[in-house]
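The next block holds one structure in the form of C-alpha cells; read it before the comments.
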Amino acid sequence: MSNRPKSITKNLSLNDTGETGGHQAGMLIPKGGDVLRFFPTLGKDEKNPRTSMYFYDENGKAWKLNFIYYNGKFYGGTRNEYRLTGMTAFFRENGLKAGDTITLTHENDNDVICYKRQAQPVVKEIHNEKGQINKRIVLGSSWKVIHY
DNA sequence: AGCCATGCACCG
DNA sequence: CGGTGCATGGCT
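Residue 78 in numbering that gives the first Met the number 0 sits at position 79 of the first sequence, and the numbers go up by one each step.
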C-alpha cells in the first residue's frame with residue numbers, strides 16, 4: 000500500500016518478554032501489513048534468511064537485532080512467519096514487561112529503539128469449563144504504525 | 001494469524 | 001555446565 004513506515008510500535012506479549020518461561024528470544028512480526036514494510040524484504044530464495052539491524056537507544060547505545068524470516072513452509076516444513084530476535088538484553092536492561100510497548104523508528108538513516116511502560120496491565124480472567132480461572136493480559140491492538 | 005512453548009546447539 | 005537464542009512444534 001505505502002512505503003516504509005516511519006515508526007512501528009508493539010504492545011509486548013507475555014511471550015515476548017520471556018515471562019511465560021519461553022526463551023525464543025524474539026517477537027513476531029505480522030505478515031502482510033504495514034509493520035512488515037518497516038523491515039528489509041526477505042524472500043524464499045533461501046531458507047530462513049536473516050539480516051542484522053542496529054538500533055540506538057536514547058543513550059546512543061547500539062542494539063543489534065536480527066530480523067529473520069522463518070520460511071520452512073517452502074522447504075518441507077510448516078513455518079511461515081517473521082521474527083525480530085536478540086531483544087532480551089534490551090528488555091532486561093529496561094525491566095520491560097508484557098503490556099509495555101517498544102517502538103522502532105527510522106529517521107534520517109538513523110534507526111532508534113525506545114520503550115514506554117504501561118502503568119498497570121489490564122488483566123482479564125477467563126473462566127473455562129472446569130471452573131478454573133486463567134488470567135491473561137489484555138493487549139490492545141498489538142501494533143501501531145506511524146507513516147511519514 | 002499470533003502467541004505459547006521447548007529440544008538442543010552453541011558459547012561464555 | 002548453565003544461560004541464551006535458533007529453529008520449530010503446539011495451542012487458541
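Glycine included, every Cβ here is placed at the ideal spot set by N, Cα and C. Nothing here was measured: the structure is a model prediction, and the numbers come from that model.
Where Asn58 falls, given that 16 or more other Cβ within 10 Å makes a residue buried: The count along the first sequence starts at 1 and reaches residue 58 at position 59. Counting C-beta atoms within 10 angstroms of its own C-beta, Asn58 has fewer than 16 neighbours from the protein chains shown and is therefore classed as exposed.
Spatially closest choice to Asp99 from Lys43, Thr8, Gly20 and Asn79, by CA coordinates: Numbered from 1 along the first sequence, position 100 holds the residue referred to as residue 99. Cα-wise, what sits closest to Asp99 is Thr8.
Cut-off 6 Å between Cβ atoms - residues of its own chain near Asp56, not counting five sequence neighbours on either side: Stepping through the first sequence from its first residue, residue 56 is reached at position 57. Excluding the 5 residues flanking it on each side, Asp56 has same chain C-beta neighbours closer than 6 Å at Ile112, in chain order.
The beta strand (DSSP E) enclosing Ala88, as first and last residue numbers: The sequence position of residue 88 within the first sequence is 89, counting from 1. No beta strand (DSSP E) contains Ala88, which is instead part of the alpha helix (DSSP H) from Thr87 to Asn93.
Span of the beta strand (DSSP E) around Arg82: The count along the first sequence starts at 1 and reaches residue 82 at position 83. Per DSSP, the continuous beta strand (DSSP E) segment holding Arg82 begins and ends at Glu80 to Thr84.
Per-residue burial, Phe90 [other beta carbons within 10 Å of its own, 16 or more giving buried]: Taking the first residue of the first sequence as position 1, residue 90 is located at position 91. Classification for Phe90: buried.
Cβ neighbour criterion (16 or more within 10 Å) applied to Pro4: Here residue 4 refers to the residue found at position 5 of the first sequence. Burial check for Pro4: the Cβ neighbour count within 10 Å reaches 16 or more, so the residue is buried.
At least three beta-carbon pairs within less than 8 Å, the segment 92–108 to the segment 68–77: With fewer than three CB-CB distances shorter than 8 Å, the segment 92–108 does not count as touching the segment 68–77.
Nearest neighbour of Glu45, chosen from Gly75, Asp110, Leu35 and Val34 [CA to CA]: As a working mapping, residue 45 is identified with position 46 in the first sequence. The candidate whose alpha carbon is nearest that of Glu45 is Gly75.
Same chain, Cβ closer than 7 Å to Arg116, neighbours up to 5 away in sequence not counted: Here residue 116 is taken as the residue at index 117 of the first sequence, counted from 1. Taking Arg116 as the centre and dropping the five residues before and after it, the same chain places the C-beta of Asp99 closer than 7 Å to its C-beta, in chain order.
Sheet register partners of Phe54 (DSSP bridge): Counted from its first residue, the first sequence places residue 54 at position 55. Within the DSSP bridge table, the entry for Phe54 names Trp62 as partners.
Residue of Lys43, Asp15 and Asp110 minimising C-alpha distance to Asn79: Against the first sequence, residue 79 aligns to sequence position 80. Nearest C-alpha to Asn79: Lys43.
7 Å CB neighbourhood of Val144 in its chain, flanking five on each side removed: On the first sequence, position 145 is the one that residue 144 refers to. The answer, listed in chain order, is Pro4, Ile7, Asp33 and Val34.
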